[in-house]
Amino acid sequence: MKTKKIDVNGISLAYTRGGVGKPLMLVHGFPFDHRAWDSVVSLLEGEYDLLLPDLRGFGESTTVDTQYHIADMADDLAALLDYLGIEKIAIAGHSMGGYVALAFATKHPQRVDGLALISSQAAADTSERKEGRYKTAQDVDEKGVEVVAEAMTPKLTERADAQAVVKDLILRQGKAGVIGALKAMAEREDSMPTLSSFTFPVVLAHGDADALIPIEKSQEIKEALPSAQLVVLEGAGHMPMLEFPNETAEALKLLK
Ligand code: MLT
């Protein structure tokens, strides 16, 4: 799939698109870009018209100097849909991509044709987690993105092959985007109160060996929104699309 770019909200937003069927947007997590989905694209492109953005500050998308919010990242995606003339779409967000998908669904519920949260959560950060993010942002500023690659890789997945892929992906990201996203995640809204207003289908897919965001976070969402479908990805860590691509693709097909 060829990368294309559009100018929106003061940034250049990169995306790829391919496949046939109902539109589905795959929103990557932190600190990756759309290539995090590579292993599931071939499993889904026969079923969906796939749209894969690089969130601002990641991959080939640029960012701004001023601090932004998760909701701004969601607005970038709304602007992309406007540009492409897509009124309604199913959205799947991985981890931070889930935060962006939740912000999109909260702001633009009428545009959502289904929502999948993979290895994600709806609750805001605890004050301790928030503080940790600012400390990491400072470390990245002083020492570079390597700091995050070293600290996160072992927590993202236990599998050596997947670790090599995630580390490589992290090291391709720029400092400004990583710092901007850390602060945006720290300041994100609590989405738990809005869950009960969702009228579209919701799928939660979570690895039971996720060391970064525990599966209890998806169970919490299921309790608040009993109509949501929870898919437990047995043995998966935080990167199920790399660790268990077939099972992850099957979970995403529930949005059809
Ligand atoms: C992610 O994978 O997107 C992040 O680890 C999420 C987070 O740090 O909250």
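Letter by letter, the sequence shown follows residues 1244 to 1499 in the working numbering. All residues carry an ideal CB built from backbone N, CA and C; glycine is no exception.
contact_flag[the segment 1434 to 1454, the segment 1348 to 1355] where n(CB pairs < 8 Å) is 3 or more: Yes: at least three Cβ pairs fall under 8 Å.
What three-state label does DSSP hand R1376 in the structure shown? DSSP places R1376 in helix when its eight states are reduced to three.
Alpha-carbon to alpha-carbon, S1362 and H1207: This structure cannot speak to residue 1207, because the chain is shown only from 1244 to 1499.
Distance, Cα to Cα, H1277 vs I1413? Approximately 12 Å between the Cα atoms of the pair.
DSSP state of T1259, grouped into three classes? Strand, per DSSP.
Cβ neighbour criterion (16 or more within 10 Å) applied to E1477: Exposed is the call here.
Taking only three categories from DSSP, how would you classify V1475? DSSP places V1475 in strand when its eight states are reduced to three.
Any heavy atom of the ligand MLT closer than 7 Å to the CB of I1422? For the ligand MLT, not one heavy atom lies less than 7 Å from the Cβ of I1422.
Taking 7 Å as the line, does the beta carbon of F1273 fall inside it for any heavy atom of the ligand MLT? When distances are taken from the beta-carbon of F1273 to the heavy atoms of the ligand MLT, the shortest one is below 7 Å.
Counting C-beta neighbours from all protein chains within 10 Å, is the total for S1461 16 or more, i.e. buried, or is it exposed? When all chains shown are included, S1461 counts as buried.
I need the DSSP call for D1368, collapsed to helix, strand or coil. In this structure, DSSP gives D1368 a state outside helix and strand, which the three-state scheme calls coil.
Helix, strand or coil: which one does DSSP assign to Y1291? Of the three classes helix, strand and coil, the one that applies to Y1291 here is strand, per DSSP.
List the endpoints of the continuous alpha helix (DSSP H) containing P1483. Note, P1483: alpha helix (DSSP H), P1483 to E1486.
Rank T1246, G1262, P1444 and D1368 by C-alpha distance to the C-alpha of S1255 and give the top, closest one. The residue with the shortest Cα to Cα distance from S1255 is T1246.
Would you give the residue range spanned by the beta strand (DSSP E) that P1204 belongs to? In the structure displayed, the chain extends from 1244 to 1499; residue 1204 sits before or after that span and is not available.
I1422 and A1380 - do their beta-carbons sit closer together than 8 Å? Yes. Within cutoff.
How about the segment 1316 to 1330 and the segment 1440 to 1447: do they share at least three Cβ pairs that are nearer than 8 Å? Judged by Cβ distances under 8 Å, the segment 1316 to 1330 makes no contact with the segment 1440 to 1447, as fewer than three pairs qualify.
Count the CB pairs spanning the segment 1286 to 1294 and the segment 1262 to 1275 that are closer than 8 Å, and state whether there are at least three. The answer is yes - the segment 1262 to 1275 touches the segment 1286 to 1294, with three or more Cβ pairs under 8 Å.
Sub-8 Å separation of P1296 and M1339 beta-carbons: Taking 8 Å as the Cβ cut-off, P1296 and M1339 do not qualify as a contacting pair.
Mind pulling the alpha helix (DSSP H) runs of 4 or more residues that sit fully within the segment 1293 to 1328? Complete alpha helix (DSSP H) runs here, min 4: 1313 to 1327.
Neighbourhood of L1286 by C-beta, 7 Å cutoff - its chain only, sequence neighbours within 5 removed: The answer, listed in chain order, is P1488, N1489 and A1492.
Spell out a yes or no on whether the segment 1462 to 1475 and the segment 1363 to 1370 are touching, meaning 3 or more CB-CB pairs, one atom from each, closer than 8 Å. Verdict: yes, contact present.
Mind reading off the beta-carbon distance from R1376 to L1425? Whole number of angstroms is fine, and I expect it under 8 Å. A Cβ-Cβ distance of about 5 Å is found for the pair R1376 and L1425, placing them in contact under the 8 Å criterion.
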